[in-house]
Structures are given as structure tokens and as C-alpha cells.
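Line by line, the protein sequences are chains A and B.
So the working numbering is basically just the index in the first sequence, starting at one, shifted up by 879.
So the working numbering is basically just the index in the second sequence, starting at one, shifted up by 6.
Don't be surprised by glycine CBs; every beta carbon is placed ideally from N, CA and C.
So the structure is just underneath, and the comments pick up after that.
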Amino acid sequence: MPFEAPILSVENLTKRFGGLIAVNSLTFEVERGEVLGIIGPNGAGKTTLTNVVSGLYTPSEGRIFFRGEDVTYLDAHQRCRLGISRTFQLMRPIKEFTVLENVMVSALFGKGLDLKSAKEKAREVCDFVGLKRVNIPVESATVLELKKMEIARALASDPELIFLDEVMAGLNVDETNEMIETVKRINSRGVTVIVIEHVMSVIKELTHRVIVLDRGKIIAEGSYEKVSHKPEVISAYLGEEE
Amino acid sequence: MKKMGIILILLVIVVGFLFPFFVGPYPLHVVTTVLTYMTLGLSWDMMLRTGQLSFGTAGFFGLGGYAALLTTLYLGVNPLLSIFIGGAFAAIVAFALGYAILRLREIYFAITTLALAGVFTVIARNLHDLTGGPEGKILPSAIFNGDPTKIYWMMFFISLGTILVSEIFQRTRVRFAITAIRNDEITARSSGIDIFKYLLFVFVVTSAIQGVVGGAYAQEYGFISPESAFANSFLLLPIAMCLAGGIYSTLGPVIGSIILGVLSEYLKLLFPYGHLIIYGVIIVALVLFMPHGILGMLKKVLKRTRVEAEVNENAI
């Protein structure tokens, strides 16, 4: 079997904001086709890590390789076209557009389709994530619909790697279960998924492997069963004993 | 419905083209001026659709004017052709400057573009040998020997061309790109949009339009000076017209420039003294009481009736 580079490889990645080190010298790899969970308490650096890898921030130090290719200094739009996609924890829809038009944007520019094929592509991914009302303005969409729209937008560029930043937050049990099924179906399409989540049952249900962050550093790595029993993980979440 | 629209558009074009045969030279001149401002307003609005407020309109207008007039004066270029040289020159300058200033946003971009127009004025005033300094330069004759009908047709076709470009912006992927950029640059980037490329593209295209209009205006009078080429009215009036008509559309600036342009002439006839005061008050009132312009208000009324119709339909 020929050697295959990991889909994502991060080396000594550091992001500083002034004196604050949000991400501190992280090194890890993501294998093609896996579902990786990133967990950690608030302020651990999960969203910053997503922003640096998806290209919204330039790292202070370190390198990022996508499919073996150095993408450290590429802008977000270039990484999107290469196949790195993400959703936003604080949803950022384009308010003047309908739901379908929001999804079309990344089919048009992320995948480079023309208007007609982009519309078809957008319909297809909306259908895939279970969005039925696609021709409504964003302001009349429900929270669940907006979350699905975020995922659809991220999928419309046909990514190979997708970051899902807290897509389950604020959903009820039924909605969460539906979303878990959606993520599984995304993964079975051959898309590598990185899930950032606070809800542990979701992480347990979905992920093959988990990375635990605390104050910008990796404190544990491995299967959910393994990391969830580690004392440093428990203390990071519950606070240390006096 | 679509057929009706096409017939209506063709009708407007035909009536516009035949307009000089129905009216005398004075109304024709008024309409030519309205078309000049309409084109400038549309080009300003096209840039605004990307979220960037530009105050460089008069600057590129003046650059185009100088490029057109001076190439005719020194190189003997055909006046009609020189107008496009004016556009090309404005486009080249916009491309070079855009590389630097399109990294700026909001008020910083606005102030920089305003300052650029000031810099152009100072340069024109001081390059005495080339531009004639503060006195400017004069051609032996105006374009088409000053024939008002042909000058009107020239502006008419420039306006049609600008409306066409504006509609292309509204109907192709460009609309998706610039609307996304205006609403949220982070979403736009994350969806694969090359923001800088689109900003530069729109900046160059709109500056080229302003350069063409400036060239046409300079050739219309066969004269150029720093004060006439870079006059503030070529910046402020088009903006007022867009705000009155409604921004982010083709129709808004068109409606706004016709209403305000004709109104301004009418007021001048009614009140030879003090007409500008009334004009100013009307502009302020329009902006205050119709924040989305005349077009925005019409849309709101239409939407309300449409929603009511939909509710009725659903009830059945």
C-alpha cells in the first residue's frame, strides 16, 4: 500500500493574542475518514484552533499541512477551495439572502460552480441535511434550520475535512439525535469530520478519537473511554481538589 | 410578465433615443446633465454594494476628464475615442491605488478615497506644462461641434452601458460575492470568496465608468480645469441621488437622479435665488423620512400587499 499522508497535520501550532496564548504549541494528526472530537473547558482554545486551521487567523508559530501540502499561509478562501470547511459556533448567516442562497455561496465560490449548478448543488446538500424550507429569508428560519443551513453551507463546497463547531449546542434531545445521524452520514460520504462539542454524550456517540484541550495545550488524546477516565481531564472539567 | 418587462425596457430605450426630436435644446441639456449624475450615482452605488463607501467618485471623474481632453489636445486623438482613454486611465490608476487602499475598511477607506481626489486636484493644479495649471486647458471646439442632440446620445449610451453593467452585477455570481462581502467578510472568506479580488474588480470597473463620464463631460464643454473636473458636486450630488432613490440596486439611483435632477432645475426656475437652500432641505428630508429611499418605500408598500395576498391565498 502506498504511503498516504494524514489529511491534516499540525506541527507546533501556536496562536498568541498579545500576552494571551490561546493555542500553545499543538502537534497532532488527523487521519482521512475519521471523526475526531475536540473537547475542553471554556477558553481551552478549541474555536481558536478551528480559526487557525480554517485560515481566519494566521498562526504565530508552527505549520499546518493539508493532504501533505503546506497551507500555513493560505487565506481562508483558498483553504475552503482546497477542501477545508467549517461551521460557526456563533452562526453568521448572510441576512439578505434566503436559506438556499446562503448555501449557494459556497457552492459558487468554494467549489467554483456556475449559478445553475450551484443552485442544484445547494438543493442537494439542503436535502441531505434535512432542510425543507429553503426559499425562506434567513430571519424566519428556526435555530435548528439555521444550524442545518450552516452545515449545508459547509458541505456545498464539497470539503474533504469539515469542522463542526458546537452544532449541537442549544438543541433538544430529538434534534440532537437527528444531528448526530446527519454527522454520521456526512462521515460515511468520505468526509473527515472534526467535532467540537460540549455535550459528552455526543462525543461518545460520534467520535473515533478525542483530543482534550486545556489552556491551549493537549492534556489527553485517545478514545473517549480512555480520556474520560484520566484524572487530568476530570480535574480540568471539574476543577482541582484543594 | 417577463415579456412585459422586456417590452417596457425596449420602449424606454426607444423613447430615450428619440427624445431629442420631441424637446428643445434646454430640456435636452437638463436631461444630459441628469444622465451624467445618474451614471456617477450608479457607479458609486455599485462600489457601495461591496460594503465600501467610496468618496473617490469626483477624483476618477476628473482623471478621466484630463486624460480625454489632453490626449485630444496633444495627440489629436478623436474626441469620442478619447473618452474611452479617459476610462482606461481611471481604471489603471484605480488598479494601482486599489492594491494599497482596498485593505482599508469603513471610514478609513472613505477618508482615503476622499483624500485621493484632493491629491489629484493638487497635481492637476501644479503640473502647469501638461495640464495648464489652475487655468486649465481648452480645446478649439467641443465634441460634435457642440451639437446638443449628439452630446445627449453620447451620454444616453454611456448611461445605458452603465445600467447594463449594474444589472450584470445584480444577476450574476458577482451579486453573491459582493452581497456576501458586504454582510459578513468572515462568512464570505470561509465560503471561498476571494474578497480582495472582488473589491479590486469592482473598484476598477466603477472607476472606469467614472473616468468615461468624466471624459465625456470634458469633451462636452471642450474645457477642463481643476475646479471643474474635481468639483465636489460630482461626488455629493450622485450620493444624494442614490440615497433619495434607494441604494443597492440599479433602479434606485436611476429614480433618484431623475427626480432630484429634474427637481433641481425646476427649483432653479421657480426660485432663481435660494433654490439651493430648498434643494438641500428636500434632500435632508428625503434621507430622514425615507431611509431606504423612494424605491425602498415602494418595495415596502408592494411587499405589504403581496403578504396580504399570500395570506389570503393560504386561507383558501
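| Item | Value |
| --- | --- |
| Closest Cα partner of B:Ala-102 within the set B:Val-210, B:Leu-257, B:Phe-28, B:Gln-225 | B:Val-210 |
| B:Asp-135 in three-state terms, based on DSSP | helix |
| Three-way DSSP call (helix, strand, coil) for B:Asn-151 in this model | helix |
| contact_flag[the stretch 240 to 249 of chain B, the stretch 85 to 99 of chain B] where n(CB pairs < 8 Å) is 3 or more | no |
| Where B:Val-323 falls, given that 16 or more other Cβ within 10 Å makes a residue buried | A question about residue 323 of chain B goes unanswered here, because the residues of chain B that appear run from 7 up to 322. |
| Buried/exposed call for A:His-1108, threshold 16 Cβ in 10 Å | exposed |
| Straight-line Cα distance separating B:Lys-203 from B:Met-160 | 31 Å |
| Closer than 7 Å at the beta carbon, the chain B residues around A:Asp-954 | Arg-195 |
| 6 Å Cβ shell around B:Ala-116 - same chain, five flanking residues per side excluded | Leu-59, Phe-61 |
| Expected contact under 8 Å - CB spacing of B:Glu-271 and B:Val-36 to nearest Å | 5 Å |
| Validate contact between the stretch 231 to 246 of chain B and the stretch 136 to 154 of chain B using beta carbons, cut 8 Å, 3 pairs | yes |
| A:Gly-897, buried or exposed, once every other Cβ within 10 Å from all chains shown has been counted against 16 | exposed |
| C-beta neighbour in chain B for A:Val-984, strict 9 Å | yes |
| DSSP state of A:Gly-1095 mapped onto helix, strand, coil | coil |
| Boundaries of the alpha helix (DSSP H) in which B:Gly-267 is found, first to last residue | 257 to 276 |
| Alpha-carbon spacing of A:Val-932 relative to B:Asp-51, whole angstroms | 36 Å |
| Straight-line Cα distance separating B:Leu-48 from B:Ile-19 | 18 Å |
| Those residues which DSSP pairs with A:Gly-916 across a bridge | A:Val-1074, A:Val-1089 |
| Burial state of A:Pro-1006 (16 or more Cβ within 10 Å) | Looking at the sequence provided, one finds Asp at residue 1006 of chain A rather than Pro. Answer is exposed; the Cβ neighbour count stays below 16. |
| Own chain, CB closer than 7 Å to A:Lys-974, minus 5 neighbours either side, in chain order | Val-1017, Glu-1018 |
| A:Asp-954 - DSSP class collapsed to helix/strand/coil | coil |
| A:Thr-831 in three-state terms, based on DSSP | Because chain A spans 880 through 1121 in this model, residue 831 of chain A falls outside it and cannot be assessed. |
| Pick from A:Gly-1069, A:Ala-1099, A:Leu-992 that is closest to A:Ile-886, judged by C-alpha positions | A:Gly-1069 |
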